[in-house]
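Colleague:
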Amino acid sequence: MMSFLPYFSAETWTLLALLITLIVVYGYWPYGVFTKMGIPGPKPLPYFGTMLEYKKNIILNGELFDAVSVAEDDTWRRIRSVLSPSFTSGRLKEMFGIMKQHSANLLNGMKKQADKDQTIEVKEFFGPYSMDVVTSTAFSVDIDSLNNPSDPFVSNVKKMFKFNLFNPLFLLICETTHRHKSRVDFLQMMIDSQKGSDTKTGGEQTKGLTDHEILSQAVIFIFGGYETSSTTMSFLAYNLATNPHTMTKLQEEIDTVFPNKAPIQYEALMQMDYLDCVLNESLRLYPIAPRLERVAKKTVEINGIVIPKDCVVLVPTWTLHRDPEIWSDPEEFKPERFSKENKESIDPNTYMPFGAGPRNCIGMRFALIMIKLAMVEILQSFTFSVCDETEVRRSPEQTEYDIIKHQYLFQHGQHLF
86 MMSFLPYFSA
96 ETWTLLALLI
106 TLIVVYGYWP
116 YGVFTKMGIP
126 GPKPLPYFGT
136 MLEYKKNIIL
146 NGELFDAVSV
156 AEDDTWRRIR
166 SVLSPSFTSG
176 RLKEMFGIMK
186 QHSANLLNGM
196 KKQADKDQTI
206 EVKEFFGPYS
216 MDVVTSTAFS
226 VDIDSLNNPS
236 DPFVSNVKKM
246 FKFNLFNPLF
256 LLICETTHRH
266 KSRVDFLQMM
276 IDSQKGSDTK
286 TGGEQTKGLT
296 DHEILSQAVI
306 FIFGGYETSS
316 TTMSFLAYNL
326 ATNPHTMTKL
336 QEEIDTVFPN
346 KAPIQYEALM
356 QMDYLDCVLN
366 ESLRLYPIAP
376 RLERVAKKTV
386 EINGIVIPKD
396 CVVLVPTWTL
406 HRDPEIWSDP
416 EEFKPERFSK
426 ENKESIDPNT
436 YMPFGAGPRN
446 CIGMRFALIM
456 IKLAMVEILQ
466 SFTFSVCDET
476 EVRRSPEQTE
486 YDIIKHQYLF
496 QHGQHLF
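First residue of the sequence shown: 86, per the working numbering; consecutive thereafter.
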């Protein structure tokens, strides 16, 4: 080794040392932002940061980058302005009849399975119900996926994160844009936004939606309406099964509002206070998104911490909803937290299952109506109870990372009437 050293000049050694230093600094420097800001967290590795601790097998989908939940600035405002009219109270009331058709199919399917005196995996029923409601209201496509699980539309939706521009689902959307038949679904509304106006000014989209933006909204409607709603319903069923006193109280409210299994009416459903409490508490324990992300548009200082422009700020919804400094007995299921007497004392920035601010979930009210309708109709005829396959208590880590995939079971209970 010593005989090797003289072959290099002092300048060469200096440059080599400088190069090694730069390599080391480059490996650490990008990951020192939080340390400089005084924010504690996992120690990053050179070049890798904390990437090795992330959940694996996450797939990024190019078809989603124009979705209303992802778009930014003027593009987001334009897309949101086109979509917002579809989620007004009047529009949702019009869709309620369609939802009732599919909730009836859901109840019939559950009755057939329950009559066999077997346990029921609720996600296998809530998933098709959510799928049918979304496809009917968004695309005017009636599938009955509970009885037709091999339907091509259903199969392609389940492959959503693998499709490309030649996927049959995209071809269906493209083909529909060339039809002249007017419909009242989300897709037709987006197509209509392209008509009768000059949508281009200096190469920038100013009105309506582009073809790719329509595709992005279609994809996010399916994903957001299907998977998240069915998962929320599954956790709600779990919470009711493990808290029978709450379920009994909810059924009493249902019997009062809709006596003798009366048909569900939109206005009455929206006035059910305890149902709201139960659903809100379930969403507190199992929020749709365990975390929210925002990007700082300018450098700001909050509580002595400087957040630089373009820094991604993560809001840990799961942790926030279970913070003992905010919620008493945070791990317990207590719907009374959201009663009229207590709800006013809840800081809205501590409870955000659908996000917060102008970029909150645009389909929030749609999802809540769909969930409430199904749950009320089910609880008119059945009770939820745990069975041998039910995992009664889950670890926070397992729930946070598998919140979408995990499925709970309920067992056929007694008829109420």
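Beta carbons: idealized from backbone N, C-alpha and C, even for Gly.
Taking the straight line between their C-alpha atoms, what separation do you get for Ser-278 and Thr-120?
Modeller: Rounded to the nearest angstrom, the two C-alpha atoms are 47 angstroms apart.
Colleague: Name the DSSP bridge partner or partners of Leu-191?
Modeller: None, per the DSSP bridge assignment.
Colleague: With DSSP as the reference, label Pro-372 as helix, strand or coil.
Modeller: Correct three-state label for Pro-372: coil.
Colleague: Along the chain, where does the beta strand (DSSP E) containing Val-397 start, and where does it finish?
Modeller: Val-397 -> beta strand (DSSP E) spans 397-400.
Colleague: Between the region 323-334 and the region 381-401, do three or more beta carbon pairs fall short of 8 angstroms?
Modeller: Touching, no.
Colleague: Within the same chain, show all residues whose beta-carbon is closer than 7 angstroms to that of Ala-503, passing over the 5 residues directly before and after it, in chain order.
Modeller: Since the displayed the chain opens at 86 and closes at 502, residue 503 lies outside it and no answer follows.
Colleague: What does Leu-294 pair with, by DSSP beta-bridge criteria?
Modeller: Note: Leu-294 sits in no beta bridge, so no partner.
Colleague: With DSSP collapsed to three states, give me the class of Gly-126.
Modeller: Correct three-state label for Gly-126: coil.
Colleague: In its own chain, which residues sit with a C-beta less than 7 angstroms from the C-beta of Phe-211, not counting the 5 before and 5 after it?
Modeller: Closer than 7 angstroms at the Cβ level, and outside the excluded window around Phe-211, lie Ser-315, Met-318 and Ser-319.
Colleague: Out of Ile-411, Asp-432, Leu-364 and Thr-222, state which residue places its alpha-carbon closest to the alpha-carbon of Gln-186.
Modeller: Selected option, being the one with the closest Cα: Thr-222.
Colleague: Gly-134 bridges to which residues according to DSSP?
Modeller: Answer by DSSP bridge pairing, in chain order: Leu-130.
Colleague: Leaving out five residues on either side along the sequence, give the residues of the same chain with a beta carbon under 6 angstroms from the beta carbon of Ala-326.
Modeller: So the list reads Phe-469, Ser-470, Val-471 and Phe-495, once near-sequence residues are dropped.
Colleague: Would Thr-220 be called buried (16 or more neighbouring beta carbons within 10 Å of its own) or exposed?
Modeller: When all chains shown are included, Thr-220 counts as buried.
Colleague: Using only alpha-carbon positions, find the residue among Glu-416, Lys-394 and Gln-465 that is nearest to Ile-349.
Modeller: Closest option to Ile-349, Cα to Cα, is Gln-465.
Colleague: Alpha carbon to alpha carbon, what distance is there between Thr-204 and Thr-475?
Modeller: Going from the Cα of Thr-475 to the Cα of Thr-204 covers about 10 angstroms.
Colleague: Smallest Cα separation from Leu-321: which of Thr-295, Glu-366 and Leu-300?
Modeller: Checking every option, the nearest Cα to that of Leu-321 belongs to Glu-366.
Colleague: Please list the terminal residues of the continuous alpha helix (DSSP H) segment that includes Leu-231.
Modeller: Neither: Leu-231 is in no alpha helix (DSSP H) and is coded neither H nor E.
Colleague: Leaving out the 5 sequence neighbours to the left and right, which residues in its chain are closer than 8 angstroms to Glu-462 when beta-carbon positions are compared?
Modeller: So the list reads Ser-188, Ala-189, Leu-191, Leu-192 and Ile-349, once near-sequence residues are dropped.
Colleague: Would you please state the rounded distance, in angstroms, between the beta carbons of Asp-270 and Ser-225? I believe it to be under 8 angstroms.
Modeller: Confirmed, about 5 angstroms.
Colleague: Return the CA-CA distance between Ile-105 and Thr-404, expressed in angstroms with no decimal places.
Modeller: Their Cα atoms are separated by approximately 41 angstroms.
Colleague: Going by beta carbon distance, what residues of the same chain come within less than 7 angstroms of Glu-338, once the five residues before and after it are set aside?
Modeller: Result list for Glu-338: Met-357, Tyr-359 and Leu-360, in chain order.
Colleague: CA-CA distance, Ile-447 and Phe-308?
Modeller: If I take the Cα positions, the gap works out to 13 angstroms.
Colleague: Quick check: what's the CA-CA separation for Ser-235 versus Lys-419?
Modeller: So the alpha carbons of these two residues sit roughly 40 angstroms apart.
Colleague: Where DSSP assigns a beta bridge to Gly-440, which residues make up the other side?
Modeller: DSSP lists Pro-438 as partners of Gly-440.
Colleague: Is the CB-CB distance between Tyr-116 and Pro-125 below 9 angstroms?
Modeller: No, these two residues do not count as a Cβ contact at 9 angstroms.
Colleague: Buried or exposed for Ser-230, going by 16 or more other Cβ atoms inside 10 Å?
Modeller: Label assigned to Ser-230: buried.
Colleague: Taking 9 angstroms as the threshold (C-beta atoms), are Met-455 and Gly-293 in contact?
Modeller: The answer is no: Cβ separation not under 9 angstroms.
Colleague: Suppose you measure from the CA of Pro-443 to the CA of Leu-168; what does that come to, to the nearest Å?
Modeller: Cα to Cα, Pro-443 sits roughly 14 angstroms from Leu-168.
Colleague: List the whole-angstrom C-beta distance separating Pro-438 from Leu-368, where the pair is believed to meet the contact cut-off of C-beta under 8 angstroms.
Modeller: Confirmed, about 4 angstroms.
Colleague: List the whole-angstrom C-beta distance separating Phe-451 from Leu-177, where the pair is believed to meet the contact cut-off of C-beta under 8 angstroms.
Modeller: 6 angstroms between Cβ atoms; contact.
Colleague: In the DSSP assignment, the alpha helix (DSSP H) including Thr-333 goes from what residue to what residue?
Modeller: Counting along the chain, the alpha helix (DSSP H) containing Thr-333 begins and ends at 329-342.
Colleague: Could you check the C-alpha separation between Ile-228 and Asn-445 for me, to the nearest Å?
Modeller: When rounded, the distance between both Cα atoms is 29 angstroms.
Colleague: If you drop the 5 nearest sequence neighbours on each side, which residues of the same chain put their C-beta closer than 8 angstroms to that of Pro-170?
Modeller: Only Arg-176 and Met-274 meet the Cβ criterion.
Colleague: When the distance is taken between beta carbons, is Tyr-351 closer than 9 angstroms to Phe-172?
Modeller: Cβ atoms of Phe-172 and Tyr-351: not closer than 9 angstroms.
Colleague: Would Arg-407 and Glu-416 be called neighbours here (beta carbons separated by less than 9 angstroms)?
Modeller: Yes, the pair counts as a contact, with Cβ atoms nearer than the cut-off.
Colleague: Give a yes or no on whether the C-beta atoms belonging to Ile-411 and Asp-432 are separated by under 9 angstroms.
Modeller: Contact flag set, yes.
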